[in-house]
Structures are given as structure tokens and as C-alpha cells.
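Novice: Per the working numbering, numbering through the sequence shown is continuous, rising by one, with the last residue being 297.
All C-beta atoms in this analysis are idealised placements derived from N, C-alpha and C, irrespective of residue type, glycine included.
What follows is a structure written as C-alpha cells; I'll ask about it next.
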Amino acid sequence: MMFRLLVSIALLAGCTSENPGFRSDGSPIPASDTIDTDGLVPLPDGEPVARDLPAPLDAFGCKPGIFLGCHNPTTLERCNDKGTGVVLESCHPYLCNATHERCNQCDPTAKPFCSGDSVVSCSEAGLPVTKTCPDECIEGKCKDCVKKAFYKDGDGDGFGNPSTKTITCEPPAGFLQNAGDCDDADPDAHPKQQGYFTKPTLGQNNFDYNCDNWEQKKIPAKVNCQMSANGVCVGHGWATYVPGCGQTAPFVMCQKGPGGQGCFPSLTISFEKQPCR
């Protein structure tokens, strides 16, 4: 009887919490009583992978949805909706945030950028932060300034298209303060143009090259020969009718008559196009 009592005491002593192989109630701790994340199949980006808990843990389970840890820098472990297994969630392209028990929603190391008149940055906690600027956002910073009107110069002639007006602190690339371009697809068409052309503008298909809203003919009349005060015969013009812009018609120069007397249209005729602007 005494022998059996000693054996029982010895067994109870081996089952105390001092023995790492047993629980405090004397029951053995299964080798699978922890969530082993080694050897998991790599997680495809954006596709959660579920894994059941080992059978001995089914009796204990976990709180559904609770954060369990970071499986790797871009993958998060969470308890599934039933509380019986682990779900792996991809945080790509951002990192798993163990401190805040979630995936980052942005990159804290990224530079701030402008979104309209607001600065968008990423906090140390991995959350986007938006700050509205009182005036304007330029290169990721709020800037105080006096706003001005700028116009896009699509053809590089130094004049902008009035329909592309933007009011800002600094001109965007390709914008300037000069406006009034009537054809922003043709560098020859702009205010103060002094030249004349025999082909229509590239964008508007007209001859208003100086943007004054009408087509001015360079030679608006038929030939009219005149003798100057110093005896020089001057003049040239259209032989029979005045053509429209870009149209072809007979054209003559003036010359002195036989013996140098008088000033008359030449008998030599060329065919020319009417230049306009």
C-alpha cells in the first residue's frame, strides 16, 4: 500500500507545471498546440489562402478576424470567420504592419504628392493623409502665391489658346500668359503675324493668320500702272479679276511704253496665288 502511494506521488510530481511537457492539470501538451506557419505555400498577390488549425486546437480556436501576426513582410495572418483556422492576406504592394495589426494602406517612405489643391502623404502608421492647401499645391507642398491666368501654347508660337485657360500660381509645362491664338495647331497663325500665306491654316483651315477675325488679301485689286514723279513706272496686279485667298489668277507687272513713254501692263502674264493673312 505504501509502495502504491509513493508511485502516485511520483507521477503527480512529474505532471506539475515545472515539467515543460505537461499542463498544470497534468495532461500532456501536444506538439501541435501552437500555430506553425513554417512550410506554407507562397501567397499569390491578392489571393487569401486559408489553412485549418491543427486538430488539437479546434477545441480552443481563435477569435474570428483577429490579427495573428505577419507571415512575411507583405503577408498578414488572421483568424478565419469561423475561428478555426488561419487566413493569409496579401498586403502587396505595401507591408504588413505588426504594430497596428493590419496591412499598410500606403508607403510611409513615399514622397508627398499633389492631388488638386491638396497634399497627399503617408503617415508613419501607413495611412494616407490629405491636407488641403489654402492657395495651391506645387510639387507636394502647399504654396502661398498670387494666382494668374495661363493658356496652353500647343504650337509653340508664343501665344496660348484662350479656351485652355487655367488659373494657378505657376504655369504648367507648355502654358504661358499670352493668349489670343486663333489656331493653336499652326505656329504661323497668331496675333501680330505680319506675313502673308497662300495655304490655309493647319487647324482652322482659313487664312486668318493674324487672328483679327478676317482674311486680308495682300493684292486686293487689279493691275494699276502709275508713273512716279521721278519717271519710274510702278505697279502690278491681277490682269482680269481679283482671286480669293489661295486662288490662282493671271498676274502682270507694269512697264514703260515704247520709247519710254507712259506706264502700261506688261504683255507677259504669270499665274499667281492670292496671299492672305
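Report the CB separation of Phe-170 from Gln-197 in whole angstroms; it is logged as a contact under 8 angstroms.
Specialist: Going by Cβ atoms, the distance from Phe-170 to Gln-197 rounds to 6 angstroms, so yes, they are a contact pair.
Novice: Contact check, Pro-113 vs Asn-100 under 8 angstroms by CB: the rounded distance?
Specialist: That belief does not hold up - the Cβ atoms of Pro-113 and Asn-100 are roughly 24 angstroms apart, past 8 angstroms.
Novice: Distance, Cα to Cα, Cys-118 vs Gly-174?
Specialist: Before going further, note that residue 118 is Ala rather than Cys in the sequence given. Cα-Cα distance, rounded: 51 angstroms.
Novice: Indicate whether the contact test is met: 3 or more Cβ pairs, each with one atom in the stretch 249-260 and one in the stretch 223-238, closer than 8 angstroms.
Specialist: Flag = no, the stretch 249-260 and the stretch 223-238 do not touch.
Novice: Using 8 angstroms for Cβ pairs, my map puts Cys-97 next to Gly-89. What's the rounded Cβ distance?
Specialist: Residue identity differs from the one stated: residue 97 is Glu in this sequence, not Cys. Rounded, the Cβ-Cβ distance is 5 angstroms, consistent with contact.
Novice: Keeping to the same chain, check which residues put their C-beta closer than 8 angstroms to that of Ala-241; ignore five residues upstream and five downstream.
Specialist: Gly-257, Trp-258 and Val-262, listed in sequence order.
Novice: Starting from Gln-275, trace the beta strand (DSSP E) in both directions and tell me its first and last residue.
Specialist: First-last of the beta strand (DSSP E) with Gln-275: 268-276.
Novice: Report the residue from Pro-191, Gly-251, His-120 and Thr-152 whose alpha carbon sits nearest the alpha carbon of Lys-168.
Specialist: Lys-168 has its Cα closest to that of Pro-191, out of Pro-191, Gly-251, His-120 and Thr-152.
Novice: Looking only at C-alpha atoms, which of Ala-269, Ser-110, Lys-172 and Val-272 sits nearest to Asn-92?
Specialist: Here the closest residue by C-alpha is Ser-110.
Novice: Once you ignore the five residues that flank Phe-133 on each side, which residues in its own chain have a CB closer than 7 angstroms to its CB?
Specialist: Excluding positions up to five away in sequence, the list reads Val-140 and Gly-160.
Novice: Might you give, ordered along the chain, the residues of its own chain that have their beta carbon closer than 6 angstroms to the beta carbon of Leu-287, omitting 5 neighbours on each side?
Specialist: Here the set comprises nothing.
Novice: Within 10 angstroms of the Cβ of His-120, are there 16 or more other Cβ atoms? Answer buried if so, exposed if not.
Specialist: Looking at its Cβ environment, which holds fewer than 16 other Cβ atoms inside 10 Å, His-120 is exposed.
Novice: Let me confirm a value: Thr-150 is counted as buried when at least 16 other C-beta atoms fall within 10 Å, else exposed. Which label applies?
Specialist: So Thr-150 ends up on the exposed side.
Novice: What number of angstroms, rounded off, separates the C-alpha of Gly-251 from the C-alpha of Gly-282?
Specialist: Near 9 angstroms, if we compare the C-alpha coordinates of Gly-282 and Gly-251.
Novice: Using a Cβ-Cβ distance under 9 angstroms, would Cys-116 count as near chain C?
Specialist: No chain C is part of this structure, which consists of one protein chain only.
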